[in-house]
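**Student:** Below is the structure I would like to discuss, written out as structure tokens.
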Amino acid sequence: MSSRPPNLTFKLVLLGDGRVGKTSLVLRYVNNVFSEKQEATVQAFYLKKHLVIEGVPVTLSIWDTAGQERFHALGPIYYRDADAALLVYDITDNDTFLRVRKWVKELQQMASKDIIMAIAANKSDLVRSRKYDIQEAESYAATIGSKIFVTSAKSGTGVDEVFIDITTRLLQKKKNSTDGLFKISIRYTYIFCCIQQPTVADPTPGGDQ
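Once you know that position 42 of the sequence shown is 41 in numbering that gives the first Met the number 0, the rest is easy, because the numbers rise by one and skip nothing.
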């Protein structure tokens, strides 16, 4: 019976203040669309993106969360079981970067200890009005074992790169795990031709539905 690469599913959650462009980044990456009139997110939702990294089929379950302070208490519901987090800030607004630092501290305390993080300095199309030194952000990212990507949901700049980098790092972590790619520790997988495990809905809040 011939073997096939496992189909891996990873959960990625986006965190950041309201109006920094989290939803726009997700929609640009998954559907390649952008709207100048994107409404603020008031409840979490997720989209799936199927891609192949190093010959391995991967599904990203990308969760977009509300950034307004009144929804902050709901954050742990979505990131507690996440494999990765993309922290987004507005490159023209230093306060939104300071908020990213707070999100990182929260993730370090409450999320998985080996969660993969990346930072998106979004709205680079407005770079002329930038108020923050990207080098300082890069230095901070290095201290938490993360990477920073300059992105623009409007133009598409850097969007694919950040999601592909996260997925590649998730895959590498999986390869380096005790049982490698064939350890069934994610939501669903198949290994052998003609033998497929049924998809099981995650009963925890924020899981796949």
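Ideal Cβ placement from N, Cα and C applies to all residues, glycine included.
Please report the straight-line C-alpha distance between V32 and T22, rounded to a whole angstrom.
**Tutor:** Numbered from 1 along the sequence shown, position 33 holds the residue referred to as residue 32. Numbered from 1 along the sequence shown, position 23 holds the residue referred to as residue 22. Near 11 Å, if we compare the C-alpha coordinates of T22 and V32.
**Student:** Answer with buried or exposed for L119, where buried requires no fewer than 16 other C-beta atoms within 10 angstroms of its C-beta.
**Tutor:** In the sequence shown, the residue the question calls residue 119 occupies position 120. The residue you asked about is not Leu; residue 119 is Ala in the sequence shown. It is buried - the Cβ of A119 has at least 16 other Cβ atoms within 10 Å.
**Student:** Under DSSP, the alpha helix (DSSP H) around A140 begins and ends at which residues?
**Tutor:** The residue labelled residue 140 in the question sits at position 141 within the sequence shown. Where A140 is concerned, the enclosing alpha helix (DSSP H) stretches over I133 to T142.
**Student:** So I163 is in the alpha helix (DSSP H); what residue range does that whole segment cover?
**Tutor:** To locate residue 163, count along the sequence shown from 1; it is residue 164. Here the alpha helix (DSSP H) through I163 covers V158 to K174.
**Student:** Apart from the five residues just before and just after A152, which ones in its own chain have a Cβ nearer than 7 Å to its Cβ?
**Tutor:** Here residue 152 corresponds to residue number 153 of the sequence shown, with the count starting at 1. Taken in chain order, the residues that qualify are G20, S23, L24, R27, F33, N121 and V158.
**Student:** What is the DSSP secondary structure of V29, reduced to helix, strand or coil?
**Tutor:** Along the sequence shown, read from residue 1 onward, the residue named residue 29 stands at position 30. It is helical.
**Student:** Taking the continuous alpha helix (DSSP H) assigned at N93, which residues delimit it?
**Tutor:** Position 94 of the sequence shown, counted from the first residue, corresponds to residue 93. Residues N93 to M109.
**Student:** Kindly examine the ligand PLP and report whether one of its heavy atoms sits closer than 7 Å to the Cβ of M109.
**Tutor:** Absence of the ligand PLP from the depicted structure is noted, as is the absence of any ligand whatsoever, leaving it without description.
**Student:** What is the DSSP secondary structure of V19, counted as helix, strand or coil?
**Tutor:** Start at 1 with the first residue of the sequence shown, and residue 19 comes out as number 20. The answer is coil: DSSP assigns V19 none of H, G, I, E or B.
**Student:** By a C-beta neighbour count over all protein chains shown, 10 Å radius and 16 as the cutoff for buried, is L50 buried or exposed?
**Tutor:** Within the sequence shown, the letter at position 51 stands for residue 50. That one is exposed.
**Student:** Do the stretch 134 to 142 and the stretch 165 to 173 meet, that is, are 3 or more Cβ pairs less than 8 Å apart?
**Tutor:** No contact exists between the stretch 134 to 142 and the stretch 165 to 173.
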